[in-house]
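Under our numbering, think of the first position of the sequence shown as 1, with each following residue one higher.
Heads up, the beta-carbon is just placed ideally off N, CA and C, and yes, glycines get one too.
Just so we're clear, the structure is a prediction, and the values are computed from it rather than from any experiment.
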Amino acid sequence: MKKSAGIVVGAVVAVAAIGVCGAWYTGNQLPSVLDESIKQANADMAKTLPALGLAASIELLSLDRQFFSSNARYRITFNGSLDGEAPQQFELVINDRIEHGPFPLSRLKAFKLLPVMATSNYALETSPALEQWFAASHGKSPVEGQASLGYDRSVSGNLRLNPVQVALDEDSNLDFSGLNIDFDSSAEAKQIEASGLMDSLKVSTKLSDSPEALSIEFKGLTLNSQTEKGSSDFYLGRNEVKLQTAQLVIGANAPILAKDISQLDETSEADGKLAARSTYKIGMVSYQGQDIGGMDMVSSVKNIDAAALQSLLALYSDIIKSTGQLQQASLEAEDDLPQLSEAQKAQLMVDLEKLLAANPGIALEKLAFKTANGESSVSLALDFAKPESFELPAPELAKQLITQLDAKVAVSKAMMSDVIGLQATFAGETDKEAVAQQASMMTEMASGMALSTELAKLEGDNIVTSLHYADNKVDFNGKQMSVEEFVAMAFASGAGLGMGGAAMGAEDPAMQELQLEEDESVEEQVPVE
Numbered sequence: 001m002k003k004s005a006g007i008v009v010g011a012v013v014a015v016a017a018i019g020v021c022g023a024w025y026t027g028n029q030l031p032s033v034l035d036e037s038i039k040q041a042n043a044d045m046a047k048t049l050p051a052l053g054l055a056a057s058i059e060l061l062s063l064d065r066q067f068f069s070s071n072a073r074y075r076i077t078f079n080g081s082l083d084g085e086a087p088q089q090f091e092l093v094i095n096d097r098i099e100h101g102p103f104p105l106s107r108l109k110a111f112k113l114l115p116v117m118a119t120s121n122y123a124l125e126t127s128p129a130l131e132q133w134f135a136a137s138h139g140k141s142p143v144e145g146q147a148s149l150g151y152d153r154s155v156s157g158n159l160r161l162n163p164v165q166v167a168l169d170e171d172s173n174l175d176f177s178g179l180n181i182d183f184d185s186s187a188e189a190k191q192i193e194a195s196g197l198m199d200s201l202k203v204s205t206k207l208s209d210s211p212e213a214l215s216i217e218f219k220g221l222t223l224n225s226q227t228e229k230g231s232s233d234f235y236l237g238r239n240e241v242k243l244q245t246a247q248l249v250i251g252a253n254a255p256i257l258a259k260d261i262s263q264l265d266e267t268s269e270a271d272g273k274l275a276a277r278s279t280y281k282i283g284m285v286s287y288q289g290q291d292i293g294g295m296d297m298v299s300s301v302k303n304i305d306a307a308a309l310q311s312l313l314a315l316y317s318d319i320i321k322s323t324g325q326l327q328q329a330s331l332e333a334e335d336d337l338p339q340l341s342e343a344q345k346a347q348l349m350v351d352l353e354k355l356l357a358a359n360p361g362i363a364l365e366k367l368a369f370k371t372a373n374g375e376s377s378v379s380l381a382l383d384f385a386k387p388e389s390f391e392l393p394a395p396e397l398a399k400q401l402i403t404q405l406d407a408k409v410a411v412s413k414a415m416m417s418d419v420i421g422l423q424a425t426f427a428g429e430t431d432k433e434a435v436a437q438q439a440s441m442m443t444e445m446a447s448g449m450a451l452s453t454e455l456a457k458l459e460g461d462n463i464v465t466s467l468h469y470a471d472n473k474v475d476f477n478g479k480q481m482s483v484e485e486f487v488a489m490a491f492a493s494g495a496g497l498g499m500g501g502a503a504m505g506a507e508d509p510a511m512q513e514l515q516l517e518e519d520e521s522v523e524e525q526v527p528v529e
């Protein structure tokens, strides 16, 4: 028993000794670690922020070192503007209580037992410019968090935007539940993972041109990100944002509600070429308690030469640095925008040619609208190549520049009926049978007009137009033709539609019936004197 007790006591003493030595080591290493981190952060911001018309820097104002902890203050200075107004400078000061490793007390309390070099407990410091926001968050710092630095220079922690209730002006109010973000980063931020949660955000105001109130409310926000730096220094991976509901209310009108909103961005790299894909979804939009429909949108790019893109971004940043802030330039007339130097023009052409030599592609893979009974969609894809010369005549330049084009439009007749029926319902029509008949009649009328032009064909319940172009040949709705023949056909069909619309309407009994109904409705509304 005595031997076991001795082992336990010895272990406790050893851990305590390690903690004391570690705290001493951290205290001595801290100044150099902070200096290195600040230099790296400033270098990263100098590389990325100019493209946004911003400049920022961090400086260490003070460092009070103690044995088990230290207190630091940082100043972050921003120059520029993101709202298109004249550039401004503003500062934020961060207070940081740094617990020395290897076993910071706050981590032990949270049962996080792995040793770390230090744990930072940071918070935004109040100032005259921020008094309103501190008051709105009930005296707490609006922004605070914790970050632990491992001995391998990895960082893990969280960022908290605390709840805020504030009157933005005499007509506008903000009610924010707060946002919490957890993050993990490897050394030099080569790999980053983050996740976040927000319960709600509501903004209430008045319309500028009327006394009616306007409110926008978001609920159930989640963020997820898993990225890592590729060989070209771009972050690759996936970033996803989800929102349970978004609600818009204007005056006494019924709310417009959107549910299950999401955006997923994915990027990848292979053989020095980048690819990216973005997926945006709205599960359902409703009005007056009536479901209207949802939306899907998928866009992508491929074969983007990473080196050329990096060079273009660097050139863009250099132009902004040499000519002033982007926002200041945007305030001037278009003719007064800074001109590129001959060297910048030459570099731009080199980068552009390198981009096109990689045969890039851009696509709207899908833009779809769905109702209860149908889905209509649009897609468009373009592939590019480097032309022999940019001095070629426009038609020849276009032929060499665009190697392939694919486009398709599919309009669901069932969806058209749904939309027409919903319009009648929202207008106050309560006779469901009459609404259904009117929707069917107008759908068939629109379908007949589209098909009569021969610019579309019927595939099942869908009115479809498809176009494929490659090698100076066009496949339009399954018919092979040259580019010149396609252009002539399109102009002829369009002219026929414009010239023949009135006659077709006059001969169509359904159109005549609809016109009579409209005339009778107008007569009923004319007051009798």
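Under 8 Å between C-beta atoms of residue i and residue j
i, j, result
"M117", "Y74", "no"
"A385", "T403", "yes"
"S419", "T453", "In the sequence under discussion, the amino acid at residue 419 is Val, which differs from the Ser named in the question. In this structure, T453 does not lie closer than 8 Å to V419 by Cβ."
"D461", "K413", "yes"
"F486", "F476", "yes"
"S376", "A363", "no"
"S232", "Q310", "yes"
"A424", "S379", "no"
"F134", "P142", "yes"
"G421", "A434", "no"
"K366", "M297", "yes"
"V166", "A189", "no"
"N239", "D260", "no"
"T465", "L458", "no"
"G374", "M415", "yes"
"L214", "I250", "yes"
"A55", "N71", "no"
Range covered by the alpha helix (DSSP H) that runs through residue i
i, result
"V155", "Unbroken run through V155 is the beta strand (DSSP E), 155 to 161; no alpha helix (DSSP H)."
"K109", "105 to 109"
Endpoints, the beta strand (DSSP E) within which residue i is located
i, result
"E193", "191 to 206"
"V116", "Run containing V116: none; DSSP gives neither H nor E here."
"T267", "256 to 270"
"E429", "Run containing E429: none; DSSP gives neither H nor E here."
"S137", "Looking at the DSSP string, S137 is not in any beta strand (DSSP E), and its letter there is neither H nor E."
"T375", "The question names Thr, but residue 375 is Glu in the sequence shown. From DSSP, the beta strand (DSSP E) with E375 extends over 375 to 384."
"N472", "Looking at the DSSP string, N472 is not in any beta strand (DSSP E), and its letter there is neither H nor E."
"Q89", "88 to 100"
"E391", "Where E391 is concerned, there is no enclosing beta strand (DSSP E), given that its DSSP letter is neither H nor E."
"S141", "No beta strand (DSSP E) contains S141, which DSSP labels as neither H nor E."
"D461", "Run containing D461: none; DSSP gives neither H nor E here."
"L174", "173 to 176"
Reduced DSSP category for residue i - H, G, I as helix; E, B as strand; rest coil
i, result
"Y151", "coil"
"E59", "strand"
"T403", "strand"
"A276", "strand"
"Q165", "strand"
"L340", "coil"
"T453", "coil"
"V419", "helix"
"A252", "coil"
"A246", "strand"
"M511", "Note that M511 scores 42 on pLDDT, short of 50, meaning its location in the model is unreliable and no value can be drawn from it."
"E188", "helix"
"A492", "helix"
"M349", "helix"
"A123", "strand"
"E444", "helix"
"A439", "helix"
Identity of the residues DSSP links to residue i by a beta bridge
i, result
"E212", "None, per the DSSP bridge assignment."
"T48", "T48 pairs with nothing; no bridge assigned."
"G293", "V285"
"F234", "According to DSSP, which records beta bridges pairwise, F234 is partnered with nothing at all."
"F481", "At residue 481 the sequence reads Met, which differs from the Phe that was named. Note: M481 sits in a beta bridge opposite V474."
"S299", "S278, L364"
"E240", "N224, L264"
"N71", "D64, R97"
"V537", "Absent from the model: residue 537. The displayed extent of the chain is 1 to 529, so no value can be given."
"G80", "L54, Q88"
"Y316", "Paired residues: none, contrary to the question."
### Query
Does the stretch 88 to 104 come close enough to the stretch 118 to 125 to have 3 or more Cβ pairs within less than 8 Å?
Segments in contact, yes.
### Message
Count Cβ pairs between the stretch 285 to 305 and the stretch 208 to 225 that sit closer than 8 Å; are there 3 or more?
### Response
The stretch 285 to 305, when compared against the stretch 208 to 225, does not touch it at the 8 Å Cβ threshold.
### Query
Between the stretch 181 to 201 and the stretch 154 to 161, do three or more beta carbon pairs fall short of 8 Å?
Touching, per the Cβ criterion.
### Message
Does the structure place the stretch 42 to 49 close enough to the stretch 62 to 73 that three or more beta carbon pairs sit under 8 Å?
### Response
Counting C-beta pairs closer than 8 Å gives fewer than three between the stretch 62 to 73 and the stretch 42 to 49, which falls short of the contact rule.
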